[in-house]
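Shown next, in structure tokens, is the structure this report addresses.
2 protein chains.
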Amino acid sequence: MKSFGYAVESKTSALGPFHFDRREPGPKDVVVAIDYCGICHSDIHQARDEWGGSIYPMVPGHEIVGHVTAVGKDVTKFKVGDLAGVGVTVETCMACENCKAGEEQYCTKGMVGTYNAKDYAGNVTYGGYSDNVVAPEHYVHTISPKLDLAAVAPLLCAGITTYSPLRHWKVGAGKKVGVVGLGGLGHMGLKFAHSFGAHVVQFTTSENKIEDAKKLGADEVVISKDADAMAKHAGSFDFILDCVSAPHDINAYLGMLRLDGALCLVGLPEQPVATSPFALVTNRRSLSGSMIGGMRETQEMLDYCAEKNIVSDIELIGYDRLEEAYARVVKSDVKYRFVLDGKTLKK
Amino acid sequence: MKSFGYAVESKTSALGPFHFDRREPGPKDVVVAIDYCGICHSDIHQARDEWGGSIYPMVPGHEIVGHVTAVGKDVTKFKVGDLAGVGVTVETCMACENCKAGEEQYCTKGMVGTYNAKDYAGNVTYGGYSDNVVAPEHYVHTISPKLDLAAVAPLLCAGITTYSPLRHWKVGAGKKVGVVGLGGLGHMGLKFAHSFGAHVVQFTTSENKIEDAKKLGADEVVISKDADAMAKHAGSFDFILDCVSAPHDINAYLGMLRLDGALCLVGLPEQPVATSPFALVTNRRSLSGSMIGGMRETQEMLDYCAEKNIVSDIELIGYDRLEEAYARVVKSDVKYRFVLDGKTLKK
Numbered sequence: 004m005k006s007f008g009y010a011v012e013s014k015t016s017a018l019g020p021f022h023f024d025r026r027e028p029g030p031k032d033v034v035v036a037i038d039y040c041g042i043c044h045s046d047i048h049q050a051r052d053e054w055g056g057s058i059y060p061m062v063p064g065h066e067i068v069g070h071v072t073a074v075g076k077d078v079t080k081f082k083v084g085d086l087a088g089v090g091v092t093v094e095t096c097m098a099c100e101n102c103k104a105g106e107e108q109y110c111t112k113g114m115v116g117t118y119n120a121k122d123y124a125g126n127v128t129y130g131g132y133s134d135n136v137v138a139p140e141h142y143v144h145t146i147s148p149k150l151d152l153a154a155v156a157p158l159l160c161a162g163i164t165t166y167s168p169l170r171h172w173k174v175g176a177g178k179k180v181g182v183v184g185l186g187g188l189g190h191m192g193l194k195f196a197h198s199f200g201a202h203v204v205q206f207t208t209s210e211n212k213i214e215d216a217k218k219l220g221a222d223e224v225v226i227s228k229d230a231d232a233m234a235k236h237a238g239s240f241d242f243i244l245d246c247v248s249a250p251h252d253i254n255a256y257l258g259m260l261r262l263d264g265a266l267c268l269v270g271l272p273e274q275p276v277a278t279s280p281f282a283l284v285t286n287r288r289s290l291s292g293s294m295i296g297g298m299r300e301t302q303e304m305l306d307y308c309a310e311k312n313i314v315s316d317i318e319l320i321g322y323d324r325l326e327e328a329y330a331r332v333v334k335s336d337v338k339y340r341f342v343l344d345g346k347t348l349k350k
Numbered sequence: 004m005k006s007f008g009y010a011v012e013s014k015t016s017a018l019g020p021f022h023f024d025r026r027e028p029g030p031k032d033v034v035v036a037i038d039y040c041g042i043c044h045s046d047i048h049q050a051r052d053e054w055g056g057s058i059y060p061m062v063p064g065h066e067i068v069g070h071v072t073a074v075g076k077d078v079t080k081f082k083v084g085d086l087a088g089v090g091v092t093v094e095t096c097m098a099c100e101n102c103k104a105g106e107e108q109y110c111t112k113g114m115v116g117t118y119n120a121k122d123y124a125g126n127v128t129y130g131g132y133s134d135n136v137v138a139p140e141h142y143v144h145t146i147s148p149k150l151d152l153a154a155v156a157p158l159l160c161a162g163i164t165t166y167s168p169l170r171h172w173k174v175g176a177g178k179k180v181g182v183v184g185l186g187g188l189g190h191m192g193l194k195f196a197h198s199f200g201a202h203v204v205q206f207t208t209s210e211n212k213i214e215d216a217k218k219l220g221a222d223e224v225v226i227s228k229d230a231d232a233m234a235k236h237a238g239s240f241d242f243i244l245d246c247v248s249a250p251h252d253i254n255a256y257l258g259m260l261r262l263d264g265a266l267c268l269v270g271l272p273e274q275p276v277a278t279s280p281f282a283l284v285t286n287r288r289s290l291s292g293s294m295i296g297g298m299r300e301t302q303e304m305l306d307y308c309a310e311k312n313i314v315s316d317i318e319l320i321g322y323d324r325l326e327e328a329y330a331r332v333v334k335s336d337v338k339y340r341f342v343l344d345g346k347t348l349k350k
């Protein structure tokens with residue numbers, strides 16, 4: 004299937020126009036014309052091969068929303084014209100215990116990413132900085148027309164990445180929850196934790212984010228460089244969602260957990276995290292990680308957002324500003340997610 | 004109360020005879036004449052001030068068993084002549100939420116150690132390398148006469164330290180469990196995990212421990228230097244109990260956990276552990292820690308051991324061999340716990 008988008012040719016090249024072929028849609032596939040695609044920090048990591056193993060040319064993008072333009076004969080969930088979303092995953096084995104449990108993101112055969120991957124048949128996958136995408140309906144989500152479609156796009160990665168651990172660790176009323184970092188992930192974590200009824204403390208390095216954090220739902224905001232302010236929260240949190248991928252002192256946050264408290268990483272620091280055994284042993288604390296979410300839970304999250312009127316705070320840009328957006332994401336200079344407007348994609 | 008034991012005078016001195024005063028027993032206290040005391044690696048760490056903050060002169064020892072020689076007027080659980088045990092803790096606040104939950108080891112006011120600590124009244128505590136100990140009955144455990152008393156002593160620390168996390172993480176039939184390190188802690192972890200009905204894989208660096216591990220209950224033994232043998236277990240464990248305090252690659256073990264698997268540290272490496280965020284995020288794994296156990300659970304563990312005929316494998320020694328024992332513990336040259344024979348303590 005003839006497609007067009009923006010790609011990088013190597014880890015040092017800029018994003019530029021790219022004509023390519025996608026696999027032909029089969030009986031279980033949905034073809035989605037892309038209206039909007041979010042820019043995730045992991046797009047930049049992979050475009051620049053910072054995690055290793057990148058496949059070029061690469062069309063990044065896994066926060067995709069649009070409308071259905073074709074469906075295979077076995078598709079039951081979608082018809083032409085429906086709104087639809089595609090996230091981080093486009094294929095899993097559906098036979099392993101994790102897939103069967105609805106946790107396809109942990110597929111033991113290996114989940115196939117929406118871009119920068121090869122599917123089980125050997126086709127390279129290309130992402131959402133493009134005019135369309137093809138995926139089996141199992142990996143395509145229904146989207147409510149009630150929400151601003153552009154602002155829904157980041158829910159497909161930043162949304163589910165924060166929603167899933169907050170649900171898994173049963174965040175809700177009566178719980179004290181910390182969110183570390185107020186960026187693309189953090190601002191969604193804050194919105195969800197607040198919506199679930201928890202007492203939420205936002206940690207940030209930036210004084211100028213205090214007011215924003217409060218508007219987004221924080222009950223308290225702590226400047227993480229303020230040692231006295233940090234010390235006041237020692238041993239008091241049930242759960243902390245750590246959304247920071249830059250190097251930072253994890254033990255300062257572990258020390259804030261009460262008995263059986265858990266700190267979950269969703270940001271992905273490239274270097275190993277220096278973890279104090281004494282901090283873990285005290286209060287039987289846990290340091291965990293979580294990766295996006297399963298298909299069932301992703302749909303649950305999208306439905307929850309429609310019900311509660313939750314979307315991402317975004318800056319909508321044209322494809323001509325892609326390079327500028329990458330530079331600003333690296334500097335954390337965005338409130339809080341860039342989204343590419345498909346109407347600006349010109350051949 | 005006049006007492007006599009073995010103490011270190013400074014972090015570089017050898018253990019030697021030491022006359023000292025304990026606090027006078029009060030109405031809620033039990034006085035225990037010490038028959039046996041285990042030698043825990045943490046005795047050595049603290050005697051040598053390797054964790055900082057040591058108080059000298061120090062009488063180490065917190066794996067204490069003996070018989071009751073006096074009880075205060077409010078004591079209900081013991082009478083003179085009863086067997087009794089004292090572990091790591093002799094005072095907690097009993098008012099905080101952790102104490103109230105029966106998890107006194109995580110007392111938010113701070114638990115008072117059996118030695119190398121000051122109690123809430125300001126008295127320095129002295130441990131079990133001595134002729135007697137005084138403790139409130141809440142911190143004194145009943146001991147069954149069915150078991151070899153000397154071999155019960157290590158249950159008060161090594162026993163509860165491994166029993167508690169195995170119970171907390173619900174190790175039992177149908178679970179695949181790893182035990183890392185076959186020393187004082189590891190051999191108890193192995194015995195308990197096997198007794199609870201789990202499929203137990205013992206990890207060790209020593210080929211010459213394979214037969215021992217099998218005798219102690221291991222279903223499989225893996226030499227941790229054998230990369231192929233390690234790779235076979237990738238993503239397969241529900242729980243791993245890490246009993247090693249020497250530096251080691253934690254990520255090699257994290258990679259062996261299946262979905263929602265947990266690795267719990269009970270050994271205490273002095274340096275921070277380099278933890279891979281990617282290893283945690285894959286399979287939503289947890290790295291945790293656990294510290295001894297509460298008073299109720301310690302008694303439960305002792306009762307369980309009496310019922311199942313579980314004790315520590317020990318090498319019983321006299322006080323004249325204390326220095327030799329310390330040197331051998333540091334070299335991991337003991338199967339699997341040294342226990343001091345109180346009959347050899349001569350003024």
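In order, the protein sequence lines correspond to chains A and B.
Counted from 1, the first sequence has number 162 at position 159 by the working numbering; the numbering is strictly sequential.
Counted from 1, the second sequence has number 196 at position 193 by the working numbering; the numbering is strictly sequential.
Quick reminder that beta carbons are idealized off the backbone N, C-alpha and C, glycines included.
The model shown is predicted, which means the values in this text are computed figures rather than measured ones.
| Query | Result |
| --- | --- |
| Taking the alpha-carbon positions, what's the G192 of chain A to A255 of chain A distance? | 20 Å |
| Can you check whether the C-beta of T208 of chain A is within less than 9 Å of a C-beta belonging to chain B? | no |
| A124 of chain A and V62 of chain A - do their beta-carbons sit closer together than 9 Å? | no |
| Can you give, in chain order, each stretch of the alpha helix (DSSP H) that sits fully within the region 143-178 of chain B and has at least 4 residues? | 152-155 and 161-171 |
| Do the CB positions of M294 of chain B and V284 of chain A come within less than 9 Å of each other? | yes |
| Buried or exposed: where does N135 of chain B fall if 16 or more other Cβ atoms within 10 Å of its Cβ makes it buried? | buried |
| For T347 of chain B, count neighbouring C-beta atoms within 10 Å of its own C-beta (all shown protein chains included) and say buried if the count is 16 or more, exposed if not. | exposed |
| Given a threshold of 16 other Cβ atoms within 10 Å of its Cβ, counted over all protein chains shown, does P20 of chain A qualify as buried or as exposed? | exposed |
| For R324 of chain B, name the three-state secondary structure that DSSP assigns. | helix |
| Leaving out five residues before and five after T69 of chain B in sequence, what residues of the same chain have Cβ atoms less than 6 Å from its Cβ? | Just to set this straight, residue 69 of chain B is Gly in the shown sequence, not Thr. Taken in chain order, the residues that qualify are V35, A36, I37 and D38. |
| Just to confirm my understanding: we take D323 of chain B, look at its own chain, exclude 5 residues before and 5 after, and list those with CB closer than 8 Å. What are they? | T347 |
| Could you round the C-beta distance between C160 of chain B and G41 of chain B to whole angstroms and report it? I think they count as a contact, below 8 Å. | 7 Å |
| Buried or exposed for A234 of chain B, going by 16 or more other Cβ atoms inside 10 Å? | exposed |
| Mind checking E107 of chain B: buried by the 16 CB within 10 Å criterion, or exposed? | buried |
| Sort B:R261, B:G181, B:T79 and B:T128 by Cα distance to E94 of chain B and report the nearest one. | B:T128 |
| With distances taken from CA atoms, which of A:I313, A:N126 and A:N286 is nearest R25 of chain A? | A:N126 |
| Counting only beta-carbon atoms, is E355 of chain A nearer than 9 Å to chain B? | Because chain A is modelled from 4 through 350, residue 355 of chain A falls outside the range shown and cannot be assessed. |
| Are the region 187-201 of chain A and the region 329-341 of chain A touching, with three or more C-beta to C-beta distances below 8 Å? | yes |
| Please check if any C-beta of chain B sits within less than 9 Å of the C-beta of L188 of chain A. | no |
| List the endpoints of the continuous alpha helix (DSSP H) containing Y307 of chain B. | M298 to K311 |
| Taking the C-alpha atoms as reference points, what is the distance between V203 of chain A and M4 of chain B? | 52 Å |
| Within 9 Å of any Cβ in chain A, is that where the Cβ of M4 of chain B sits? | no |
| In angstroms with no decimal places, state the Cα-to-Cα distance between C110 of chain A and H141 of chain A. | 14 Å |
| Relative to the C-alpha of N286 of chain B, which candidate in A:K228, A:V333 and A:H171 has its C-alpha closest? | A:H171 |
| Could you tell me the distance, in whole angstroms, from the CA atom of F206 of chain B to the CA atom of F81 of chain A? | 51 Å |
| Report the rounded CA-to-CA distance for A130 of chain A versus T117 of chain A, giving the unit in angstroms. | The sequence given here places Gly at residue 130 of chain A; Ala does not occur at that position. Each residue's alpha carbon lies about 5 Å from the other. |
| What does DSSP give as the partner residue(s) for E318 of chain A in the beta ladder? | A:F341 |
| At a CB-CB cut-off below 7 Å, which residues of chain B make contact with M259 of chain A? | In chain order: nothing, as chain B lies at least about 13 Å away. |
| Which same chain residues end up closer than 7 Å to H44 of chain A when comparing Cβ atoms and leaving out the 5 residues on each side of it in sequence? | G187, S248 and V332 |
| Which whole-angstrom value describes the C-beta separation of L290 of chain A and L244 of chain A, a residue pair presumed to lie in contact below a C-beta threshold of 8 Å? | Not confirmed; about 12 Å, so no contact. |
| Run through the region 48-94 of chain A for me and flag every whole beta strand (DSSP E) of 3 or more residues, listed as ranges in chain order. | 67-74, 86-89 and 92-94 |
| V143 of chain B to P250 of chain A, Cα distance in whole Å? | 46 Å |
| Closer than 9 Å, Cβ to Cβ, to anything on chain B: give me those residues from the region 275-299 of chain A, in chain order. | P275, V276, A277, T278, S279, P280, F281, A282, L283, V284, T285, N286, R287, R288, S289, L290, S291, G292, S293 and M294 |
| Given a cut-off of 9 Å, decide if A98 of chain B and K76 of chain B are closer than it, judged by their beta-carbon atoms. | no |
| Could you give the first and the last residue of the continuous beta strand (DSSP E) run that contains S6 of chain B? | K5 to A10 |
| Going along chain B, which residues have a C-beta under 7 Å from G238 of chain A? | T111 |
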